[in-house]
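Residue numbers 1192 to 1470, in my numbering, belong to the letters of the sequence shown in order. C-beta atoms are modelled at their ideal positions from N, C-alpha and C, and glycine is treated no differently. Report on one structure; see the data block that follows.
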Amino acid sequence: MSTQADPRGELQRGTSALVIAQTIRNDIQSGRLAHGRQLPGTRALADSWNTSVATINRAMAMLADEGLVINRARSSRIVHNPGGTPNKSGPRVILIGGYPGSGKTEFGRVLARQTGWAILDKDTTTRPVVEAALERLGRSPHDRESDTYLSAIRPAEYEALTATLTENLQCGVSVVVTAPFTKELRDKAWCDRLAALVAEHSGTLQVVWVYCDADTMHTYIRRRGAARDDHKLGNWAKYLDGLDLMFEPKIPYVSVDNSAGARPLQEQAKELLSKMAAL
């Protein structure tokens, strides 16, 4: 999120202090400008709004009178909205990764039902748009293996998922996020950015990797009958050769076992939540 208030497009010089104050107030109260965030300096705000320093000072005075901004020395101003989020302890994020058919979505749903938190599943969130985009690009809507999908579509899916996660964090809403995250969780820099994003919003992050043996994964994929899995099932041995079943994310994580004979997901979910509550 940008550290300066967004002027919402081109504005004529002389934008009133009332309009500026209203826009920044809305950004604070909607969570776009979080409690404790430092606002840009007076000159930077004046430039971004295409207005005078005096106008910015008047707008800031209005917000200070409302208690939404604390003025400090040298034009330093801090957002003050401690009661702006419903979750006083900060939002919690459980990010669940795993190979297709591992049971990560099912585990995410179990957690969401136990907690009442929002659930963001990549397929549910992005699939209709992905399929439409692939068709416009001349590909099968079920393609998940081509360079077209991997280089043009997949990055946008994860960008959209991260943006939705961010918006929930801004609103103080705890979230369960489910997606393969196979590329992302092996990238230390990506993991560091994720941790920083959650910390920036005073949240708590728990990463989960769902493990599942190959035979059970194959059974799950066949049973769900999704067209996007046809290529995997038709080339199972080759597909399996490309998986690292002993994969470990480049960030602290908890492993959940969804293989045949493993403990029920509901039991493992309760155990995970108990550990998080003790933090």
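Just the Cα atoms here: how many angstroms apart are residue i and residue j?
{"i": "ARG1199", "j": "GLU1350", "result": "Unreliable positioning characterises ARG1199 in this predicted model, as indicated by a pLDDT of 43, which lies under 50. The coordinate reading is nonetheless provided below. Those two C-alpha atoms are separated by around 22 Å."}
{"i": "LEU1224", "j": "THR1369", "result": "27 Å"}
{"i": "THR1345", "j": "THR1315", "result": "For clarity, residue 1345 is Arg in the given sequence; the question names Thr instead. Cα-Cα distance, rounded: 14 Å."}
{"i": "LEU1236", "j": "ALA1428", "result": "58 Å"}
{"i": "LYS1374", "j": "PRO1291", "result": "13 Å"}
{"i": "ASN1449", "j": "ARG1330", "result": "33 Å"}
{"i": "LEU1302", "j": "THR1246", "result": "49 Å"}
{"i": "THR1317", "j": "GLU1326", "result": "14 Å"}
Decide if residue i is buried, meaning its Cβ has at least 16 other Cβ atoms within 10 Å, or exposed.
{"i": "LEU1328", "result": "exposed"}
{"i": "GLN1361", "result": "buried"}
{"i": "ALA1323", "result": "exposed"}
{"i": "ILE1269", "result": "exposed"}
{"i": "SER1465", "result": "exposed"}
{"i": "GLU1439", "result": "exposed"}
Pick out whichever of the options has its Cα sitting closest to the Cα of residue i.
{"i": "LEU1431", "options": "GLY1258, SER1293, ILE1219", "result": "SER1293"}
{"i": "ALA1354", "options": "GLU1326, ASP1383, LYS1313", "result": "LYS1313"}
{"i": "ALA1252", "options": "ARG1228, SER1221, ALA1208, TYR1411", "result": "ALA1208"}
{"i": "ARG1377", "options": "PRO1273, GLY1232, TYR1444, LYS1423", "result": "TYR1444"}
According to DSSP, simplified to helix, strand and coil, what is residue i?
{"i": "VAL1364", "result": "coil"}
{"i": "SER1446", "result": "strand"}
{"i": "ALA1303", "result": "helix"}
{"i": "ARG1234", "result": "helix"}
{"i": "ALA1309", "result": "strand"}
{"i": "LEU1286", "result": "strand"}
{"i": "LEU1202", "result": "Note that LEU1202 has pLDDT 43, beneath the 50 cutoff, so the model's placement of it is unreliable and the number below is only indicative. The answer is coil: DSSP assigns LEU1202 none of H, G, I, E or B."}
Starting from residue i, trace the beta strand (DSSP E) in both directions and tell me its first and last residue.
{"i": "TRP1400", "result": "1395-1402"}
{"i": "ILE1344", "result": "No beta strand (DSSP E) contains ILE1344, which DSSP labels as neither H nor E."}
If you follow the alpha helix (DSSP H) that residue i is in, where does it begin and where does it stop?
{"i": "ARG1415", "result": "1405-1415"}
{"i": "ARG1249", "result": "1244-1256"}
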